[in-house]
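Here is the structure we will look at, set down as structure tokens.
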Amino acid sequence: MAGQDWEDVRRLMSDFQRVQQGNTAQRLSERNCIEIVSNLVKLKLLDVVYTTDGKEYITPQQLVREIREEMFVNGGRVNVVDIAQALNVDLSHVETAAKDLMKTDSSLQFVLGQLISADYVTSLADEINEKLQEKGVVDISDMTVVFDLPADFILGVVGSNLGTRIHGQRDLSNPRVLLTDWLIARHRAILRGALNASSRPVSVQSLVKEHSLNERLTSVVVEELISLGEISGILSGKGSKDKSTFIPHIYTTAQTAWIEAFLKSNSYIPYNAVKKLDIGDPKQFLKNRYSVGDEYLFLETCILSKTALDRVEGGLEDVAASGTWTEIGGLFPAGVDDQDVAEVIETLLTTKKIKDIRLVQDIFVVAEKMVEESKKLFDTCIETIAEEDAKKQSSMMPSVPSGASKKAQADDDEDLLPSSKKDRKGKRQTGKGATKSAGKGKRDEEDDSGASVPEFLTVPALVVELQKANEDAPFELLEAIARAIQADLVESHRRVLKVKVELIAASSAGDRKSTHKAVQEQISATIWLMRMFAKGIEHFSAETDKKQLAKLLLRNVGAEVLNPLLFFLMEDLGLALPERTDLTPEARTKLVAKLPEPPRAAFEKTNTGAAGDNIDTFEDSLQSLLDSESIGMPIRKADKKKETQICQEHRQQLLQGIRSATDIPTALRLCCLSLFLKKTAVPLEAPGKFVPQILAIVKPDLKPEQAAVLEQARDMMQDGGQSPDDIRAVILKLADLA
Numbered sequence: 001m002a003g004q005d006w007e008d009v010r011r012l013m014s015d016f017q018r019v020q021q022g023n024t025a026q027r028l029s030e031r032n033c034i035e036i037v038s039n040l041v042k043l044k045l046l047d048v049v050y051t052t053d054g055k056e057y058i059t060p061q062q063l064v065r066e067i068r069e070e071m072f073v074n075g076g077r078v079n080v081v082d083i084a085q086a087l088n089v090d091l092s093h094v095e096t097a098a099k100d101l102m103k104t105d106s107s108l109q110f111v112l113g114q115l116i117s118a119d120y121v122t123s124l125a126d127e128i129n130e131k132l133q134e135k136g137v138v139d140i141s142d143m144t145v146v147f148d149l150p151a152d153f154i155l156g157v158v159g160s161n162l163g164t165r166i167h168g169q170r171d172l173s174n175p176r177v178l179l180t181d182w183l184i185a186r187h188r189a190i191l192r193g194a195l196n197a198s199s200r201p202v203s204v205q206s207l208v209k210e211h212s213l214n215e216r217l218t219s220v221v222v223e224e225l226i227s228l229g230e231i232s233g234i235l236s237g238k239g240s241k242d243k244s245t246f247i248p249h250i251y252t253t254a255q256t257a258w259i260e261a262f263l264k265s266n267s268y269i270p271y272n273a274v275k276k277l278d279i280g281d282p283k284q285f286l287k288n289r290y291s292v293g294d295e296y297l298f299l300e301t302c303i304l305s306k307t308a309l310d311r312v313e314g315g316l317e318d319v320a321a322s323g324t325w326t327e328i329g330g331l332f333p334a335g336v337d338d339q340d341v342a343e344v345i346e347t348l349l350t351t352k353k354i355k356d357i358r359l360v361q362d363i364f365v366v367a368e369k370m371v372e373e374s375k376k377l378f379d380t381c382i383e384t385i386a387e388e389d390a391k392k393q394s395s396m397m398p399s400v401p402s403g404a405s406k407k408a409q410a411d412d413d414e415d416l417l418p419s420s421k422k423d424r425k426g427k428r429q430t431g432k433g434a435t436k437s438a439g440k441g442k443r444d445e446e447d448d449s450g451a452s453v454p455e456f457l458t459v460p461a462l463v464v465e466l467q468k469a470n471e472d473a474p475f476e477l478l479e480a481i482a483r484a485i486q487a488d489l490v491e492s493h494r495r496v497l498k499v500k501v502e503l504i505a506a507s508s509a510g511d512r513k514s515t516h517k518a519v520q521e522q523i524s525a526t527i528w529l530m531r532m533f534a535k536g537i538e539h540f541s542a543e544t545d546k547k548q549l550a551k552l553l554l555r556n557v558g559a560e561v562l563n564p565l566l567f568f569l570m571e572d573l574g575l576a577l578p579e580r581t582d583l584t585p586e587a588r589t590k591l592v593a594k595l596p597e598p599p600r601a602a603f604e605k606t607n608t609g610a611a612g613d614n615i616d617t618f619e620d621s622l623q624s625l626l627d628s629e630s631i632g633m634p635i636r637k638a639d640k641k642k643e644t645q646i647c648q649e650h651r652q653q654l655l656q657g658i659r660s661a662t663d664i665p666t667a668l669r670l671c672c673l674s675l676f677l678k679k680t681a682v683p684l685e686a687p688g689k690f691v692p693q694i695l696a697i698v699k700p701d702l703k704p705e706q707a708a709v710l711e712q713a714r715d716m717m718q719d720g721g722q723s724p725d726d727i728r729a730v731i732l733k734l735a736d737l738a
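Per full-length UniProt numbering, the sequence shown starts with residue 1, numbered consecutively.
Shown next, in the form of structure tokens:
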């Protein structure tokens, strides 16, 4: 509004006031004034703010002036609610006026419904400084309670005035805490002197109590003095005020020297010995001191040096090489806990790949060769007793004629033998778990295996025999070995008994019709060989290896048995025969589909079994097929002489194959199969990828020079690049070894 306009307004105001003070006839009444103001407001010529009771009004400009006056009266800080009550104006009008005021005056701030001026901020900084100088330390959280202002606002005031109006500095560990320079200097001087004079660990809490120090500042100053090199040592337990302790460097040096001396003389150190040196977490202390790796092995109760570990490893290798046993406690330094001893042995057996030994009862280590030799002690006994049992069982069998009824006799034979499924539950376990059951009686053995154990194969009976061969071995070790080999011996007895029963039964069976004889003999010979191969497969411990070998065996046997049998049946039924006799599985399946029922269903089941990996399933379905009315061709029983003849012929074929081989992989595979046959008395058919598994079975019985020939062949096979003369020389060595 221009200056002339304001002059006109002032003149009119003066005239209006003079008229109102004059006589009644010329003066406006209160009602007239209200109407005039209302009309001016409606015409938007005048802007006013009414009081809460509606009896008074005030212009916005006057409201702003009133707010300024209230702020001045209250020292630069006033709540808008208090202004609204004092001026009898609605709170919304006051807040609007306050915001307008802040737009024109940037020094004002609106904090939690309060208007705060720059003067108040200055006085607030002065008050904070007074409290800081009085106490030496001030926490912003305490100031928020004292001044009833948010922490962020007070932090802003501190930040803008620190070093000017507020004389101090922030705590580095907590920016919300202010400290005076003299307080920090006092703490530094006291702590520097006290800690430099200490020769043993000192808790921070004791320093605080003894010298009346600030607890939080004490830890910070100690860390600062350590980082600046003014005191020599470390501060442990920083996260806990009660456990925070300063450890002088001289004390740490003495600890380290003692630990080094103990390790050097004993090759190990227990954690409880380190804990006695006032080290709260000895294991972590040693890990920080010595890296976890090749130099030291961290165990449950101690650490073991590489020197001691090498001695233990060498002792285990000696046991494996000599095929004997030893107590593991004698391999370790005196004082190492039994639990740690067992842990080290298990670690070496797994990570160091020390083979051919096992841990027994966490006390002994015994060579696998000794365990295998223990089994062999009972071979003659098993053979003799099985022969006697077979004769007794055969004498109780009814005489059964040849032909389709022969299946019933075979079923009776099976009933007289222990259940193979039950026996398989007693598979041998190795290592720590195999000996946990030591001390159980005969009744427990029978419950665990699910079938009764022959009297001569009970654990007490086995221990008696083992003591005769190992007079110096402790009873606990022999008992553990007896339990480890018992399941295998029971299974061996069952197999031998089964073979002898079958041989006796086979010798009493009549011949079939002459027209079936050729096919029957061919099939029987193949089944004999399959069973012998199956026995060879049982010497493998891994189930995956057994399944792969069984699948390979069934694929070959399926062609040699089912193809001639299918041709025989098709010819008997008058069906057209194919031109090729070497049928593939797919071609055989198509021909089987042309057979009439019921032989087709039986043949399809057997054909499916030949494509699987379960020898028992295949043999059962084949037996059902051969015993059916359509064929009536039971499998002939193989006698011992025939089996021996088959083994001899098979071995001659292997030897001939080795001599005629032109490459080392072929010669090595055939040599391994020949050695397997020589050791187990049963043949085996396996591809080259199973050579390592076969070597693991036959090596324990080989002399060192014989094993060296096999290792030489394996090395040459892996390296390659040898001359034909060198290859031929190794092949001849393998032929001689086989």
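We treat Cβ as the ideally placed atom computed from N, Cα and C, and that holds for glycine.
Only buried fits D627, as 16 or more other CB atoms lie within 10 angstroms of its CB. Put simply, of A681, I664 and L702 the residue whose alpha carbon is nearest the alpha carbon of Q722 is I664. When beta bridges are read from the DSSP output, R77 appears opposite I116. Inclusion of A97 and V73 in the CB contact set at 8 Å is not warranted, their separation being larger than that value. Between the region 146 to 161 and the region 185 to 194 there are fewer than three C-beta pairs closer than 8 Å, too few to call the two in contact. In terms of Cβ geometry, L124 and F147 form a close pair [threshold 8 Å]. Here D340 is buried: its Cβ has 16 or more other Cβ atoms, across all protein chains shown, within 10 Å.
Put simply, the backbone Cα of S198 is about 35 Å away from that of G335. In the structure shown, V177 falls within a strand segment according to DSSP collapsed to helix, strand and coil. Its Cα nearest to that of L565, the residue K517 stands out among P460, T544, K517 and I250. With a minimum length of 3 residues, the unbroken runs of beta strand (DSSP E) contained wholly in the region 169 to 247 fall at 169 to 171, 174 to 179 and 233 to 236. The count of Cβ pairs closer than 8 Å, one atom from the region 661 to 679 and one from the region 634 to 641, stays below three, leaving the stretches out of contact. CA-CA distance, D337 to K306, rounds to 17 Å. Of all C-beta pairs linking the region 298 to 312 to the region 266 to 275, three or more are shorter than 8 Å, placing the two stretches in contact. Here I247 is not near I259, since their CB atoms are 8 Å or more apart. Under the three-state reduction of DSSP output, A367 falls in the strand class.
Three or more Cβ pairs closer than 8 Å define a contact, and the region 383 to 394 meets that threshold against the region 485 to 499. Residue burial is scored here from C-beta neighbours: V459 has at least 16 other C-beta atoms within 10 angstroms and is therefore classed as buried.
Distance from L569 to L595 at the Cβ level is roughly 7 Å; contact confirmed, criterion being Cβ atoms closer than 8 Å. Here L457 is not near Q467, since their CB atoms are 8 Å or more apart. Under DSSP, L304 takes part in a beta bridge, and its partners are Y268 and L297. Under DSSP, no beta-bridge partner is assigned to T164. Short of 6 Å from the beta carbon of N196, and not among the five residues preceding or following it, lie these beta carbons of its own chain, in chain order: I231. V111 carries a strand assignment under DSSP once its states are collapsed to helix, strand and coil. At the C-beta level, T218 and L207 come within 8 Å of one another.
Its chain contains I354 as the residues whose beta carbon lies nearer than 7 Å to that of E317, once the 5 sequence neighbours on both sides are disregarded; these appear in chain order.
Just so you know, the alpha carbons of E346 and D616 end up roughly 37 Å apart. By the neighbour-count criterion, in which a residue is buried when 16 or more other Cβ atoms sit within 10 angstroms of its Cβ, E597 is exposed. Below 8 Å, enough C-beta pairs join the region 120 to 136 and the region 164 to 181 to call them touching: three or more.
A contact is defined here as three or more CB-CB pairs under 8 Å, and the region 355 to 369 meets this definition with respect to the region 318 to 328.
The criterion of a C-beta distance shorter than 8 Å is satisfied by A735 and I658. Shown here for S322: same chain residues with a beta carbon closer than 8 Å to its own, the five before and five after excluded, namely A367 in chain order. Nearest in C-alpha terms to K605, of all of M102, N614 and L622, is L622. Cβ atoms of L675 and A738 come within 8 Å of each other, at about 6 Å. Beta bridge pairing from DSSP links E327 with F364. Judged by DSSP secondary structure, D139 falls within the beta strand (DSSP E) whose first and last residues are V137 to D139.
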